[in-house]
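Structure record follows, encoded as structure tokens.
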Amino acid sequence: MSEVFLAQPLGHFVHRLILFGTQLQLWVFNWSGLYCELIIDIGKSSRKLVHVLAAYMMMSNKEHGIDSNI
Numbered sequence: 003m004s005e006v007f008l009a010q011p012l013g014h015f016v017h018r019l020i021l022f023g024t025q026l027q028l029w030v031f032n033w034s035g036l037y038c039e040l041i042i043d044i045g046k047s048s049r050k051l052v053h054v055l056a057a058y059m060m061m062s063n064k065e066h067g068i069d070s071n072i
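Quick note: the sequence shown uses the working numbering, first residue 3, plus one each step.
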């Protein structure tokens with residue numbers, strides 16, 4: 003993951019969505035490490051999946067981890 007931060011020096015953290023079977027895992031990586039924000043069973047909760055994807059699409063650059071002030 004350090005390659006991502008080196009390639010994108012304006013980034014403070016990186017979001018990753020990882021799909022394992024019917025489980026969607028939402029991860030956040032930063033300079034200190036990583037943590038899993040949420041795990042969604044998309045087979046049981048398609049509404050939550052749509053909500054999460056819509057929320058990611060509507061996030062600002064700051065919420066995506068991009069510092070536009072640098």
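Backbone N, C-alpha and C define an ideal beta-carbon position, used for all residues, glycine too.
Residue i and residue j closer than 8 Å at C-beta
| i | j | result |
| --- | --- | --- |
| residue 18 | residue 33 | no |
| residue 31 | residue 16 | yes |
Burial state of residue i, where buried means 16 or more other Cβ atoms lie within 10 Å
| i | result |
| --- | --- |
| residue 20 | exposed |
| residue 42 | buried |
| residue 40 | exposed |
| residue 36 | exposed |
Beta-bridge partners of residue i, as assigned by DSSP
| i | result |
| --- | --- |
| residue 16 | 31 |
| residue 37 | 30 |
| residue 42 | 26 |
Own chain residues within Cβ distance below 8 Å of residue i, not counting five before or after
| i | result |
| --- | --- |
| residue 23 | none |
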